[in-house]
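Chains as they are written, first to last, in the numbering used here: chain G, 776 to 973; chain C, 776 to 973; chain H, 776 to 973; chain P, 776 to 973. For each residue, glycine too, the CB sits at the ideal point set by N, CA and C.
Protein chains: 4
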Amino acid sequence: MFPPSVQKLIDLFSKFPTVGPRTAARFVFYLMKIPKEEIEELINSISNLKKTVKICSFCFNPFESEGELCKICADSSRDRTLLCIIEKETDLFTLEKTKKYKGLYFILGGTVSTFKKADVEKLRTKELKERIKSYPEIKEVIIATNPTAEGEATALYLERLLKPFGKKNTRLGRGLPVGAELEYADEETLGSALEGRK
Amino acid sequence: MFPPSVQKLIDLFSKFPTVGPRTAARFVFYLMKIPKEEIEELINSISNLKKTVKICSFCFNPFESEGELCKICADSSRDRTLLCIIEKETDLFTLEKTKKYKGLYFILGGTVSTFKKADVEKLRTKELKERIKSYPEIKEVIIATNPTAEGEATALYLERLLKPFGKKNTRLGRGLPVGAELEYADEETLGSALEGRK
Amino acid sequence: MFPPSVQKLIDLFSKFPTVGPRTAARFVFYLMKIPKEEIEELINSISNLKKTVKICSFCFNPFESEGELCKICADSSRDRTLLCIIEKETDLFTLEKTKKYKGLYFILGGTVSTFKKADVEKLRTKELKERIKSYPEIKEVIIATNPTAEGEATALYLERLLKPFGKKNTRLGRGLPVGAELEYADEETLGSALEGRK
Amino acid sequence: MFPPSVQKLIDLFSKFPTVGPRTAARFVFYLMKIPKEEIEELINSISNLKKTVKICSFCFNPFESEGELCKICADSSRDRTLLCIIEKETDLFTLEKTKKYKGLYFILGGTVSTFKKADVEKLRTKELKERIKSYPEIKEVIIATNPTAEGEATALYLERLLKPFGKKNTRLGRGLPVGAELEYADEETLGSALEGRK
Chain G
776 MFPPSVQKLI
786 DLFSKFPTVG
796 PRTAARFVFY
806 LMKIPKEEIE
816 ELINSISNLK
826 KTVKICSFCF
836 NPFESEGELC
846 KICADSSRDR
856 TLLCIIEKET
866 DLFTLEKTKK
876 YKGLYFILGG
886 TVSTFKKADV
896 EKLRTKELKE
906 RIKSYPEIKE
916 VIIATNPTAE
926 GEATALYLER
936 LLKPFGKKNT
946 RLGRGLPVGA
956 ELEYADEETL
966 GSALEGRK
Chain C
776 MFPPSVQKLI
786 DLFSKFPTVG
796 PRTAARFVFY
806 LMKIPKEEIE
816 ELINSISNLK
826 KTVKICSFCF
836 NPFESEGELC
846 KICADSSRDR
856 TLLCIIEKET
866 DLFTLEKTKK
876 YKGLYFILGG
886 TVSTFKKADV
896 EKLRTKELKE
906 RIKSYPEIKE
916 VIIATNPTAE
926 GEATALYLER
936 LLKPFGKKNT
946 RLGRGLPVGA
956 ELEYADEETL
966 GSALEGRK
Chain H
776 MFPPSVQKLI
786 DLFSKFPTVG
796 PRTAARFVFY
806 LMKIPKEEIE
816 ELINSISNLK
826 KTVKICSFCF
836 NPFESEGELC
846 KICADSSRDR
856 TLLCIIEKET
866 DLFTLEKTKK
876 YKGLYFILGG
886 TVSTFKKADV
896 EKLRTKELKE
906 RIKSYPEIKE
916 VIIATNPTAE
926 GEATALYLER
936 LLKPFGKKNT
946 RLGRGLPVGA
956 ELEYADEETL
966 GSALEGRK
Chain P
776 MFPPSVQKLI
786 DLFSKFPTVG
796 PRTAARFVFY
806 LMKIPKEEIE
816 ELINSISNLK
826 KTVKICSFCF
836 NPFESEGELC
846 KICADSSRDR
856 TLLCIIEKET
866 DLFTLEKTKK
876 YKGLYFILGG
886 TVSTFKKADV
896 EKLRTKELKE
906 RIKSYPEIKE
916 VIIATNPTAE
926 GEATALYLER
936 LLKPFGKKNT
946 RLGRGLPVGA
956 ELEYADEETL
966 GSALEGRK
């Protein structure tokens with residue numbers, strides 16, 4: 776029903792995370808209304824992404840400064856005995872915002888729901904093993920995947936993968952989040968909250 | 776916290792309808808992962824939008840075929856005595872999907888919440904008056920703005936605007952939508968449902 | 776886990792419409808805290824219900840005044856040519872609140888999802904047929920069941936049931952409720968809104 | 776609009792936790808439909824509540840067995856060095872279901888949002904101080920109020936209240952609940968999750 780060029784762009788936007796056809800259509804009609812300069816600004820910014828943004832050779836976080844390492848990995852005041860494995864880039868920024876973590880990171884690149892080769896290949900497992908091997912100062916590996924089904928499966932896989940290295944493996948504390956009510960908490964979370972009391 | 780190029784694109788995406796910083800960040804990291812070819816496809820498609828898509832001179836709907844009129848307005852089997860005024864492009868496609876409307880459309884371009892000059896200027900009121908004047912075959916004008924506060928204010932404004940032309944003004948039927956329960960319907964909707972019974 | 780008397784009352788409250796075990800438990804602990812006088816007030820009020828409340832012999836609505844008819848059915852200024860069939864008591868009060876209906880009512884007592892004898896027997900179909908037969912002044916029967924799947928099935932069943940009587944059957948108007956947006960309305964509601972325009 | 780006896784009972788039910796007028800009306804019409812025997816069963820059960828249910832003299836939990844103590848407090852295998860203070864009865868059952876707590880309980884009876892005398896008087900603070908004083912075997916007091924604003928204020932109040940007794944005060948572990956995503960966790964919960972890692 777939409778003209779071909781409109782439909783084409785709707786289809787491309789529909790591939791964006793969380794975007795369905797209705798929202799994609801809204802995006803397209805929004806773009807059709809904004810001035811030519813703003814369209815060019817958007818196009819250039821998207822183009823630029825691939826050109827100026829580099830991937831940190833230690834943690835695989837995107838960055839733009841000089842060198843091979845991002846600002847965090849290049850910061851000598853960071854605690855190099857701690858390595859925090861996370862699912863994706865946005866998790867890194869989420870944890871940095873708490874200002875409670877002073878170690879280094881490693882972006883795994885996804886999660887697995889099975890231990891099949893096809894699934895596991897999507898993660899940076901090779902690079903992770905390299906990292907642990909090449910940096911003996913690493914004492915504790917925090918597996919900070921989400922406490923979801925996929926995050927748990929991934930944590931299990933990583934624990935097995937890293938066993939040979941003999942480092943201390945930890946997981947983020949489970950418990951009651953801000954605003955929770957005991958009455959509505961599931962038994963597993965509540966059990967963890969009891970055990971993790973302080 | 777994000778590298779400048781990443782932050783820049785997050786800011787641009789955050790201006791898209793319904794998109795906040797968190798979703799915009801997801802978009803950017805999605806774009807950083809997809810192959811160079813898909814980025815180019817997206818950029819070209821956005822570029823193309825402005826180049827190949829035309830605006831119908833009758834209803835202001837975007838289209839891509841030859842000529843000045845979109846497929847609907849150029850269709851001689853449409854009922855030219857009916858003109859349906861809608862807020863935006865997506866409403867046109869929403870109504871066309873019902874296959875229950877055989878007349879022509881007019882995309883107003885927005886809504887007003889006041890009758891101040893600044894607000895009213897955002898709508899295609901000049902073009903609307905032109906349309907009614909130049910096409911005496913129009914007998915009924917359906918004001919199909921949303922039954923929301925802004926849609927209602929806009930309908931009121933349009934009714935005043937079109938009074939001099941002496942055409943029959945109608946509004947979409949109010950009543951109970953599919954799946955509704957009398958118990959939870961507001962009094963106004965229920966009153967309309969009673970009056971509009973058949 | 777709860778003491779027997781507590782569990783017993785939780786089980787009884789759990790049978791109340793919309794009440795699950797968690798809410799039922801909240802009710803019980805609330806009752807255990809309120810003064811003895813309020814408990815007695817509640818018990819007396821529940822007792823009273825069965826004793827002082829009568830069912831109107833015309834519309835089957837509960838009432839407390841003298842005689843056989845409720846206030847609405849006894850009101851000679853009501854339009855006796857209109858009979859509005861509703862699913863339950865609360866629908867009567869919901870419609871009365873609009874102040875837009877001046878006829879009489881008939882409380883069907885439920886809905887059917889099939890036309891099987893077992894289902895149909897739960898409704899006051901026998902009384903309904905009696906009503907239409909005994910009151911020739913009834914000209915229009917409004918079938919005001921909810922526009923839900925069960926409400927629709929029930930409306931269909933009633934239309935067949937009442938066909939022999941040759942009265943005018945109407946249904947509440949379908950259309951856009953207050954606050955709706957065309958973009959999110961389903962095709963059926965939108966089609967009705969187009970057809971029911973005025 | 777409802778008959779007086781109906782309205783009266785609707786008003787009484789509207790005082791129940793989580794119940795508004797619409798739900799209260801549903802309750803009343805439900806009661807009007809059920810057999811006389813079920814009404815009597817309900818009335819007797821409510822009556823019984825006050826007569827057969829006792830309040831445990833140690834933890835203030837309702838119970839029905841012989842003696843002054845509920846089943847938990849009378850159980851000699853419970854860890855008498857642990858006292859878990861909770862807001863209400865349902866929290867006790869919620870924690871018992873995890874099977875991860877082997878100590879004793881104390882039901883505070885509510886929360887405070889201020890430390891004003893009027894507010895604090897609603898809680899069993901006098902009894903709590905008595906309890907800690909009379910049972911020197913208590914080594915750890917777990918303040919298990921909800922991690923909500925009121926729960927936190929109450930925890931603060933209790934910590935001050937119990938300081939003189941010199942017992943170890945703990946709070947339930949904060950952290951990520953089952954199913955959470957780092958991206959959507961608030962900074963406080965995430966900070967706790969980092970600190971509470973294991």
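Alpha-carbon to alpha-carbon, residue j and residue i
i	j	result
P/M807	C/K891	56 Å
C/K840	C/G878	Just to set this straight, residue 840 of chain C is Ser in the shown sequence, not Lys. Approximately 20 Å between the Cα atoms of the pair.
C/E912	H/S909	52 Å
G/E934	G/K897	17 Å
G/S975	G/S967	As displayed, chain G neither begins before 776 nor continues past 973, which places residue 975 of chain G out of reach and without an answer.
C/G842	C/V828	12 Å
P/Y959	G/D866	10 Å
P/F802	H/P792	6 Å
C/F868	C/E956	28 Å
G/V781	C/A849	19 Å
C/A919	C/L969	21 Å
P/R797	G/F804	42 Å
G/E812	C/K825	11 Å
P/I830	P/K938	27 Å
H/R946	H/S822	38 Å
P/I809	H/G884	13 Å
H/K846	P/E816	32 Å
P/L936	G/E902	54 Å
G/K875	P/K874	32 Å
P/V794	P/D854	39 Å
G/Y880	G/Y932	18 Å
H/L870	C/L870	30 Å
Test item: CB-CB of residue i and residue j under 7 Å
i	j	result
G/I907	G/I882	no
H/L844	H/F833	yes
H/R972	C/G954	no
G/T964	P/P952	yes
G/V916	G/L858	yes
P/F838	H/P837	no
C/G926	C/T886	yes
H/L784	P/S789	no
H/K872	C/E962	yes
G/K943	G/T856	no
C/I818	G/I818	yes
Burial state of residue i, where buried means 16 or more other Cβ atoms lie within 10 Å
i	result
P/E864	buried
C/S888	exposed
G/A800	buried
P/G950	buried
H/G941	exposed
H/A930	buried
Residue i - partner residues in DSSP beta bridges
i	result
G/N921	The partner list for G/N921 (beta bridge, DSSP) is empty, contrary to what the question assumes.
P/E915	P/L857 and P/K943
P/L951	G/R949
G/F802	Paired residues: none, contrary to the question.
H/P837	H/I830
H/I882	H/I861
Check: Going along the segment 945 to 967 of chain G in order, which residues come within less than 8 Å of chain P, judged by CB to CB distance?
Finding: For the segment 945 to 967 of chain G, the beta-carbon criterion of a distance under 8 Å to any beta-carbon of chain P is satisfied by T945, R946, L947, G948, R949, G950, L951, P952, V953, G954, A955, E956, L957, E958, A960, D961, E962, E963, T964, L965, G966 and S967.
Notebook entry, point to check: the segment 820 to 837 of chain G: which residues have C-beta closer than 7 Å to a C-beta of chain P, in chain order?
Noted result: none
Margin query: Can you pull out the residues from the segment 838 to 855 of chain H whose beta carbon lies closer than 7 Å to at least one beta carbon of chain P?
Written below: F838 and E839
Next item on the list: Could you please tell me which residues of the segment 915 to 936 of chain P, in chain order, have their CB closer than 7 Å to any CB of chain H?
Entry: Within the segment 915 to 936 of chain P, no residue has a Cβ lying closer than 7 Å to any Cβ of chain H.
Notebook entry, point to check: Which residues, in order along the segment 873 to 887 of chain H, keep a beta-carbon less than 9 Å from a beta-carbon of chain C?
Noted result: T873, K874, K875 and Y876
Note to self: Short of 7 Å Cβ to Cβ, which residues in the segment 857 to 869 of chain H face chain C?
What the structure shows: T865, D866 and T869
Next item on the list: Taking a Cβ distance cut-off of 7 Å, strictly less, list which residues of the segment 790 to 801 of chain G are near chain C, in chain order.
Entry: Contacts with chain C (Cβ-Cβ distance below 7 Å) from the segment 790 to 801 of chain G involve F791, P792, T793, T798, A800 and R801, listed in chain order.
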